[in-house]
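Please read the structure below before turning to the comments.
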Amino acid sequence: MSLFLYIILGIVALVAFLGFIAPKSYHVKRSIIINRPLPEVFNYLKLIKNQDYWSPWKKKDPNMKQETVGTDGNVGFINKWEGNKDVGTGEQEIMRIVENDIVESQLRFYKPWKSQSDAYIKVNKVDDQNTEVVWGFSGKNKFPSSIFMMLYNIDKHVGKDFDEGLASLKEILEQ
992 MSLFLYIILG IVALVAFLGF IAPKSYHVKR SIIINRPLPE VFNYLKLIKN
1042 QDYWSPWKKK DPNMKQETVG TDGNVGFINK WEGNKDVGTG EQEIMRIVEN
1092 DIVESQLRFY KPWKSQSDAY IKVNKVDDQN TEVVWGFSGK NKFPSSIFMM
1142 LYNIDKHVGK DFDEGLASLK EILEQ
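Take the sequence shown: its position 104, counting from 1, is numbered 1095 in my numbering, and each next residue is one higher.
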């Protein structure tokens, strides 16, 4: 066998090995305590449009184009966006709402790369005046992007944005 063939086989074996050991899924979540009763916090959070006020991505591109379909705060509502390189292009659809408990949505990203994630915002009663808000999302890493995820710490990068967004949410709701 020639040296060239050994190199090609080595590269193929390396890619196959990396694909085998690469993370197949991800989950990021952050939480914060807000000094407001649970129903007040939940009623604010179930409206996707309110994310314009506290979402870190809206701050990264205040001029992003947005289009909505359906009734906000209801299953089936879709918020579409098209923004700069920091926010990309995609849409968020409300998939399930359990009143005073959780809002689940699906995030579909089209640019800068195509992917899909499941997101949620959950509220937990701490006491009559305090509510814990848990914001998270998860998804699958498909080959070959799963290899890239070995080098990219999604929890660190997205978690930082979640922390920033939750701090803004707390500031808004506690005014």
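No residue lacks a Cβ here, since even glycine has one placed at the ideal position from N, Cα and C.
Restricting attention to alpha helix (DSSP H) runs no shorter than 4 residues, the segment 1086–1150 encloses them at 1136–1139, ordered along the chain. Fully enclosed alpha helix (DSSP H) runs of no fewer than 4 residues occupy 994–1012 and 1029–1036 of the segment 992–1036, in order along the chain. In the DSSP assignment, the residues bridged to V1060 are I1069.
Spanning the alpha carbons of F1100 and K1131 requires a straight line of approximately 13 Å.
The closest CA to that of G1127, considering only D1119, V1149 and L1164, is found on V1149. Distance from the CA atom of T1122 to the CA atom of G1079, rounded to whole angstroms, is 32 Å. Distance from the CA of K1020 to the CA of G1061, rounded to the nearest whole angstrom, comes to 27 Å. Under DSSP, Q1083 takes part in a beta bridge, and its partners are N1070 and L1098. Between D1109 and Q1120, the beta carbon gap of about 31 Å keeps them out of contact (Cβ cut-off 8 Å).
According to the DSSP assignment, Q1042 belongs to the alpha helix (DSSP H) that extends over Q1042 to W1045. Beta-carbon to beta-carbon, K1161 and V1094 are separated by about 18 Å, too far to satisfy the 8 Å threshold. Non-local beta-carbon contacts of N1041 in its own chain, meaning distances under 8 Å to residues more than five positions away in sequence, involve Y1035 in chain order. A residue is called buried once 16 or more other Cβ atoms fall within 10 Å of its Cβ, and W1045 is buried on that count. With 16 or more neighbouring CB atoms inside 10 Å of its own CB, Q1083 falls in the buried class. For V1114, the number of other beta carbons within 10 angstroms of its own is at least 16, and it is reported as buried. Short of 8 Å from the beta carbon of S1022, and not among the five residues preceding or following it, lie these beta carbons of its own chain, in chain order: E1123, V1124, V1125, W1126 and L1157.
D1052 sits in coil when the DSSP states are folded into three classes, being neither helix nor strand.
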